[in-house]
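Structure first, then comments.
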DNA sequence: TATGAATGAGTTTTCATTCAT
DNA sequence: AATGAATGAAAACTCATTCAT
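Chains as they are written, first to last, in the numbering used here: chain Y, 757 to 960; chain D, 757 to 960; chain H, 757 to 960; chain B, 757 to 960.
Now the structure itself:
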């Protein structure tokens, strides 16, 4: 009725925000375009003005997420003040912590799960996230901190653990369990990298 | 037209087989009741004679799967001829191997993924699979083979790794990579259990 | 609400009848599936139970029409009691007459026009109608009644005239004009076939 | 963004050109206002600044076409250097020829067909084209070249043949067939006008 | 004159489920 | 036990048109 015009960039993001939230809450298949539309409070046509289909907004949401996720990890990888071990620990602790600001993107593996679009999601992990972690692992090897026979597979396993724990554990654990789980997980990572145990302290 | 009567149990299983296959292929949400019906070649009504809803057949499929999965792991856990380490290795190797007979159930984490019913699935893992593995881990501790500070969390992590690798890796890896990945993963498990490395040999 | 089950053949034809009528009245594009559904008084799903799409029911309607049209012309072509000229005249007069029973199918070039599916329609004419007329023309040549240099093209032209007049004229002419037009058209056909003029009488 | 201002007349014609092309290609109903807008590269609003509705631009396109068509035929009708038979032959040959410059308007019966606006189109034929041909026929009668009992109906039939052949034949015929068809058609027209056969030669 | 974001009613289509036989 | 025609609510998507700038 009342026509509210906004900067297209803003509108587009409003729609993606609502879509992201709903996809995570109810899953992609159980979220209708109308749900998103209602949430934003625009007309049916407005949605399709910005996105050709429901599928397209999902793509956009996943892309946007990985862009910010990769950026976050990249910043750490590029940080001169930390050595490789510190970097990994920082990433792990951040992804495991409950409070995440915008700079610490929320776990979207839920999204993947609800979205039944695993391929696309895994591709992003493989192409955008794993290579950055690999850089850190290789840095650690060069620095002489890590001693790894199969860097590729080890990196992939670390990413796997972190990614899955990141979401899985959080779903079912209370805080104490989470802390213990993280301790154990971190210990596994240390051992995988052949780091002398206790060479770094978990915070809190 | 032609009315074909079968043993109800047979019919029921035919429907579940078709449903399982289709859910794995296309996902639960993208499989329609009619798809299942068409695959089996019965009438619409027949489906609803056996299952109250599409949801119910999913439950039945998951239950049936976990029943056979748990049974398989249980047999190993109960096997007197292996020690705890051998049991774990046997389970890991079986789940990672390509050829699985009926006694070696196929990975259904795909199903979970496509089914967007993670909760139900995870619950089965937590309630049926993890406890059995836990028994093995505790057996190992008693046998003095394992040295674990947090058995619960460690077991959960092992299950997590095995479960996810089981599917994830298989999707994207060639054989050689798979073998290396398994080697690395097994090595992580050994270290998590504080087993002296090389105390057991990976087959092949 | 009240569920009325009918012989599928009957239902299917009910839907096609309504579709045919509406397509002719308002045109294909201005007829919605819901219009057809409402006209028949069934549920939305019933339509799609019988036809996969609006496009498919159009196909079915055109096919059905041409089947009956071709059958009608074929009967005449096969009639032993008439010579070639009588047959042509009979066809022309029938198609031009206002009252047509079921054996004298109504002009559907309107449909084509409204349907913007000329290709499909023309194909039916070319493949089903023209060959039958061609048979009659050739019969006439053998009988020595017709004298035609280019039978193929002449037949096509006759079909063209008859087909178009059939619908075009009817739309805008009053009865007297129609009669005169038919007289003139028939005279053109006679001349095209080099029939001595007046060798046969137009009725009424 | 960049605002390009043009002579309104130019803009208007750009829009009509695009509309005409698209209507002929895909049909009126399957051409969206946005298609036209995109083709020209203007904003949504610009279209509606020039035309109140999609319907109105169709009217404009048809009118523009018939204006040029009628003008072309009128010039021939007014030409003092040809007798009536020459004029008709010239028109027929032009409409049948493949290459047409701007002075030889393209067949728009396709348009009608795709536009499902037969009434409007036929009205233009009846009001603008048929009368001019009628003038030529009457001229021929006065000149003593034609001998026609029912000039009105005969003229209408000639127009009908020419109009339909013009498009129909062209769609499906190869060149040789087209030539033969034209020969046969012209022969029918000659006979309809009772012109002694061979009193004029077809070119090429 | 021109822009382009926004509208919203309408359309096609899907599909889990029911029910008379 | 089994059939399959029928249901209807809801979903995805389209598009002519408007309007604030």
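Even for Gly, the Cβ is constructed at its ideal location relative to N, Cα and C.
Keep in mind it's a predicted model, so treat the numbers as computed, not measured.
Of all the CB atoms in chain Y, is at least one closer than 8 Å to the CB of residue i?
{"i": "residue 920 of chain D", "result": "yes"}
Among the options, which one has its Cα closest to the Cα of residue i?
{"i": "residue 914 of chain D", "options": "Y:937, Y:898 and Y:906", "result": "Y:937"}
{"i": "residue 783 of chain Y", "options": "Y:769, Y:810, Y:942 and Y:762", "result": "Y:810"}
{"i": "residue 941 of chain H", "options": "H:956, H:921 and H:952", "result": "H:921"}
{"i": "residue 887 of chain Y", "options": "Y:802, Y:852 and Y:826", "result": "Y:826"}
{"i": "residue 813 of chain H", "options": "H:845, H:882 and H:788", "result": "H:788"}
{"i": "residue 780 of chain B", "options": "B:763, B:885 and B:817", "result": "B:817"}
{"i": "residue 907 of chain H", "options": "H:848, H:893 and H:763", "result": "H:893"}
{"i": "residue 822 of chain D", "options": "D:878, D:798 and D:800", "result": "D:878"}
{"i": "residue 950 of chain B", "options": "B:900, B:934, B:883 and B:935", "result": "B:900"}
{"i": "residue 931 of chain B", "options": "B:905, B:847, B:853 and B:770", "result": "B:853"}
{"i": "residue 835 of chain Y", "options": "Y:770, Y:905, Y:891 and Y:904", "result": "Y:891"}
{"i": "residue 956 of chain H", "options": "H:801, H:845 and H:762", "result": "H:845"}
{"i": "residue 707 of chain H", "options": "H:837, H:882 and H:767", "result": "Given a span of 757 to 960 for chain H in the structure shown, any question on residue 707 of chain H remains unanswerable."}
{"i": "residue 850 of chain H", "options": "H:837, H:838 and H:829", "result": "H:829"}
{"i": "residue 934 of chain D", "options": "D:952, D:848, D:885 and D:798", "result": "D:848"}
Spell out whether any CB of chain B is found under 8 Å from the CB atom of residue i.
{"i": "residue 917 of chain H", "result": "yes"}
{"i": "residue 785 of chain H", "result": "yes"}
{"i": "residue 872 of chain H", "result": "Residue placement at residue 872 of chain H cannot be trusted, given a pLDDT of 48 that sits under 50; what the coordinates show is reported in the next sentence. Cβ-Cβ to chain B under 8 Å: yes for residue 872 of chain H."}
So is residue i buried or exposed if we call it buried at 16+ other beta carbons inside 10 Å?
{"i": "residue 948 of chain H", "result": "buried"}
{"i": "residue 911 of chain Y", "result": "buried"}
{"i": "residue 758 of chain D", "result": "exposed"}
{"i": "residue 786 of chain D", "result": "exposed"}
{"i": "residue 765 of chain Y", "result": "exposed"}
{"i": "residue 909 of chain Y", "result": "buried"}
{"i": "residue 833 of chain B", "result": "buried"}
{"i": "residue 954 of chain Y", "result": "exposed"}
{"i": "residue 943 of chain H", "result": "buried"}
{"i": "residue 760 of chain D", "result": "exposed"}
{"i": "residue 896 of chain D", "result": "buried"}
{"i": "residue 898 of chain B", "result": "exposed"}
{"i": "residue 774 of chain D", "result": "buried"}
{"i": "residue 880 of chain D", "result": "buried"}
{"i": "residue 843 of chain Y", "result": "buried"}
{"i": "residue 840 of chain Y", "result": "buried"}
{"i": "residue 778 of chain B", "result": "buried"}
{"i": "residue 958 of chain H", "result": "exposed"}
{"i": "residue 776 of chain B", "result": "buried"}
{"i": "residue 946 of chain H", "result": "buried"}
{"i": "residue 919 of chain D", "result": "buried"}
Contact criterion: CB-CB distance below 8 Å. Does residue i meet it with respect to chain D?
{"i": "residue 913 of chain Y", "result": "yes"}
{"i": "residue 825 of chain Y", "result": "no"}
{"i": "residue 791 of chain Y", "result": "no"}
{"i": "residue 811 of chain Y", "result": "no"}
Output yes if chain H places a C-beta closer than 8 Å to the C-beta of residue i; else output no.
{"i": "residue 910 of chain B", "result": "yes"}
Going along the chain, which residues of the region 933-959 of chain B sit with their C-beta nearer than 8 Å to a C-beta in chain H? 933, 936, 937, 939, 940, 941, 943, 944, 947 and 948
Taking beta-carbon pairs under 7 Å, can you tell me which members of the region 886-909 of chain D lie near chain Y? 906 and 909
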